[in-house]
Amino acid sequence: MPSNSINTNVGAMVAISTFNAINAEMAEVQMRITTGRKVNSVKDNPAIWAIAQNQRAEVRGLDAVKSSLQRGMSVVDIAITAAESVSELLNEMKALAVSAADYPASDPARTAINENYLALRRQIDTAVQNASFGGLNLLAGGGSTDRVRALANTSATSTIDVDHLDLSTSGALLSGLPADLMGSFTPTSVADVATATANVNNAISRLGTGSKRLESHLKFVEKQQDALEAGIGNLVDADLAKESARWQALQVRQQLAIYAMRIANQQPSYLLQLFR
496 MPSNSINTNV GAMVAISTFN AINAEMAEVQ MRITTGRKVN SVKDNPAIWA
546 IAQNQRAEVR GLDAVKSSLQ RGMSVVDIAI TAAESVSELL NEMKALAVSA
596 ADYPASDPAR TAINENYLAL RRQIDTAVQN ASFGGLNLLA GGGSTDRVRA
646 LANTSATSTI DVDHLDLSTS GALLSGLPAD LMGSFTPTSV ADVATATANV
696 NNAISRLGTG SKRLESHLKF VEKQQDALEA GIGNLVDADL AKESARWQAL
746 QVRQQLAIYA MRIANQQPSY LLQLFR
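Given below as structure tokens:
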């Protein structure tokens, strides 16, 4: 191709190509600065995009795990509160049982003590029946088998369980609790109240252990989620200081490309002067 041609301006073609390439690169840098990411779509880096998407799915899955653990903690915490109330009621009932031993069954004082005892006994069942959260009650009697099964991982292959503990007055843990302090009451009944209290306190300890397990695993999941999000950031986040410097360099190159196009476009007019 002749170097001095008015039909084909090679210099202008090269200058335009360079200008377009610079503009495309500037658009890419602008997108990175705007979004804060160096990988905004699968076109930017297919492998990194796929890895990041998988990690984002894992992060969302951990949100579900956290919700399950938090729900489980709420169920157990309500149960602990009610169980502690039952323990306090049993302490009062033991004191009443000790007092009742000082009076014969026919004594009006014994009757008054018994009425107080029965009221506390009913209050135990009220506390147990109301120890419910989200439809789950770990303390209820009546054949209930509610238990906490909180998710421990995103594949739902592992759970953290907290078992049901029947603290109703008809349940096994309180089976030895005297029905009243009247005719069937004997001094050994005081020991029966103490046994029931010990059973409830052991149940509270088990609930506390379950709550601690749930809380500990929730903290682990939160740290795991933070680590995943940091990893995603390392993969896709842009270095804004670097992109800013790159943007300024591209602006200079863009101006030079415009200047080169102006020079190239003037070449045909120089050829015209040869014929004057």
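For the sequence shown, the working numbering gives the first residue as 496, with consecutive numbering after it. Ideal placement from N, C-alpha and C gives every residue a C-beta, glycine not left out. Values in this document were obtained by computation on a predicted structure and should not be read as measured data.
Distance from the CA of Asp721 to the CA of Ser536, rounded to the nearest whole angstrom, comes to 23 Å.
Within the same chain, Cβ atoms closer than 7 Å to the Cβ of Phe680 are found at Ala595, Pro673, the five residues on either side in sequence being excluded. A Cβ-Cβ distance of about 7 Å is found for the pair Val657 and Leu702, placing them in contact under the 8 Å criterion. Leu662 sits away from Val571, with the two beta carbons spaced by 8 Å or more. Runs of the alpha helix (DSSP H) lying entirely within the segment 560 to 629, each at least 4 residues long, are 603 to 624 in chain order. In this model, Glu583 and Ser670 are separated by some 18 Å (Cα to Cα). Linking Asn648 to Ala600 through their CA atoms gives a straight-line distance of about 59 Å. Going by C-alpha positions, Leu668 is about 19 Å away from Leu676. Judged by pairs of C-beta atoms under 8 Å, the segment 715 to 732 does not touch the segment 625 to 645, as fewer than three such pairs exist. For the set Leu735, His712, Ser711, the Cα lying nearest the Cα of Gly531 is the one of Leu735. Looking at the DSSP output, Ala645 shares a beta bridge with Ile655. A buried status is given to Ala547, since no fewer than 16 other beta-carbon atoms sit within 10 Å of its beta-carbon. Excluding residues up to 5 positions away in sequence, Ala635 lie with their Cβ nearer than 7 Å to the Cβ of Gln624 in the same chain. Taking every protein chain shown into account, the CB of Arg644 has fewer than 16 other CB atoms within 10 angstroms, so this residue is exposed. Counting along the chain, Ser684 sits inside the alpha helix (DSSP H) bounded by residues 683 to 731. Looking at the DSSP output, Asn518 shares a beta bridge with no other residue. By the criterion of at least three beta-carbon pairs nearer than 8 Å, the segment 706 to 715 is in contact with the segment 550 to 568. Sorting Thr606, Leu660, Ile753 by C-alpha distance to the C-alpha of Thr640 places Leu660 at the top. Within its own chain, the residues whose Cβ lies closer than 6 Å to the Cβ of Arg708, once the five positions on either side in sequence are excluded, are Ile655, listed in chain order. Leu631 is bridged by DSSP to Phe628. Beta-bridge partners assigned by DSSP to Arg532: Asp732.
Exclusion of the five residues before and after Ala755 leaves Ala510 as the residues of its chain whose Cβ lies within less than 6 Å of its Cβ. A residue is called buried once 16 or more other Cβ atoms fall within 10 Å of its Cβ, and Asn515, having fewer, is exposed.
Annotation for Gln746: Met521 place their beta carbon closer than 8 Å to its own, counting only its chain and skipping 5 residues before and after. Across the set Arg741, Met568, Ala592, the C-alpha of Met568 shows the shortest separation from the C-alpha of Thr704.
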